[in-house]
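**Student:** Just so you know, we're using this note's numbering here: the sequence shown kicks off at 1 and counts up by one.
Note that beta-carbon positions come from the ideal geometry of N, C-alpha and C, so glycine has one too.
These numbers were taken from a predicted model, which means no experiment stands behind them.
Encoded as structure tokens, here's the structure I'll be asking about.
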Amino acid sequence: MGLMPFELNRLAIKGLAEDFGNNHGMDCIECGSCSFECPAKRQLAQSIRAMKKIEGGRRAAAAAAAKK
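In structure tokens, the structure reads:
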């Protein structure tokens, strides 16, 4: 799988939900180790968590639209 927290953070900041999903952002278990290990002390886990909510909503809306 190979999650890349810095790339996921970049996509989250830019609001690119579809690209976030394509880069396996929804596979993140939100353990927070990326923020702990970040030498720049960036809050990676928080931005990834927020983007997971946005992407989850986008997927739910797409599934609901497909049912109609």
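The alpha helix (DSSP H) with L44 in it runs from where to where?
**Tutor:** Numbered from 1 along the sequence shown, position 44 holds the residue referred to as residue 44. L44 -> alpha helix (DSSP H) spans 44–67.
**Student:** Which first and last residues belong to the alpha helix (DSSP H) in which C34 is found?
**Tutor:** By one-based count along the sequence shown, residue 34 stands at place 34. From DSSP, the alpha helix (DSSP H) with C34 extends over 33–37.
**Student:** Along the chain, where does the alpha helix (DSSP H) containing G21 start, and where does it finish?
**Tutor:** Position 21 of the sequence shown, counted from the start, is the residue given in the question as residue 21. Segment 17–22, the alpha helix (DSSP H) holding G21.
**Student:** Between A45 and G32, how many whole angstroms is the CB-CB distance? I'm expecting something under 8 Å.
**Tutor:** Residue mapping note: residue 45 aligns to position 45 of the sequence shown, counting from 1. Residue mapping note: residue 32 aligns to position 32 of the sequence shown, counting from 1. Correct: roughly 5 Å between the Cβ atoms.
**Student:** Distance, Cα to Cα, G64 vs I54?
**Tutor:** In the sequence shown, residue 64 corresponds to position 64, counting from 1. In the sequence shown, residue 54 corresponds to position 54, counting from 1. It should be noted that the sequence gives Ala, not Gly, for residue 64. Approximately 15 Å, taken between the alpha carbons.
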